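Notes follow the structure.
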Amino acid sequence: MCYHLMTYVQYSCEHHYPDQRHYIDCNSQKCTNSKQHRDTEHNCAAECEAIMLPDQHLIMTRRPEPCHVCQGVDPPAHHGDYYETDSE
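Reading the sequence shown from the start, the letters are residues 1 to 88 in UniProt numbering.
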């Protein structure tokens, strides 16, 4: 089944913040969330599933400095937001 992969940046203070959100396609013809879901006539209710797996979380970047909050400075405008991407 399909899912979202959330990637994070972790700082030396151990705080981590979301960086990107990737859509991971299972490429199954029986998954209604997939781009590969069959577009031909079929009994979708009996043959297919529309279940998204839970989001997966992964620290992709480690920074040697403490986060902005621990440094006592204002974070950048995008700090704490994530960027949506399509992954296949």
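Even for Gly, the Cβ is constructed at its ideal location relative to N, Cα and C.
Here the structure is a predicted model, which is why all the values come from computation and not from measurement.
What does a CB cutoff of less than 7 Å around residue i pick up in its chain, not counting 5 residues either side in sequence?
i	result
V9	H16, Y17, D19, T61 and R63
S28	S34 and Q36
R38	Q29
residue 96	Residue 96 lies beyond the residue range present for the chain, which begins at 1 and ends at 88; the question has no answer from this structure.
If contacts are defined as beta-carbon pairs under 8 Å, then residue i and residue j qualify, I think. What distance do you get, rounded to the angstrom?
i	j	result
C26	S34	6 Å
For residue i, which residues of its own chain have a beta-carbon under 8 Å away from its beta-carbon, when the five flanking residues on both sides are left out?
i	result
Q71	E65
C2	Y23, I24, D25, C26, C31, N33, S34, M52 and L53
I59	T7, Y8, V9, Q10 and H16
Given a threshold of 16 other Cβ atoms within 10 Å of its Cβ, counted over all protein chains shown, does residue i qualify as buried or as exposed?
i	result
T7	buried
H22	buried
C31	buried
C67	buried
Considering only residues of the same chain and omitting the five flanking positions on each side of residue i, which have a CB-CB separation below 6 Å?
i	result
C48	K30 and T32
Alpha helix (DSSP H) runs contained entirely in the segment 33-60, provided each spans 4 or more residues | Runs of the alpha helix (DSSP H) inside the segment 33-60: 44-47.
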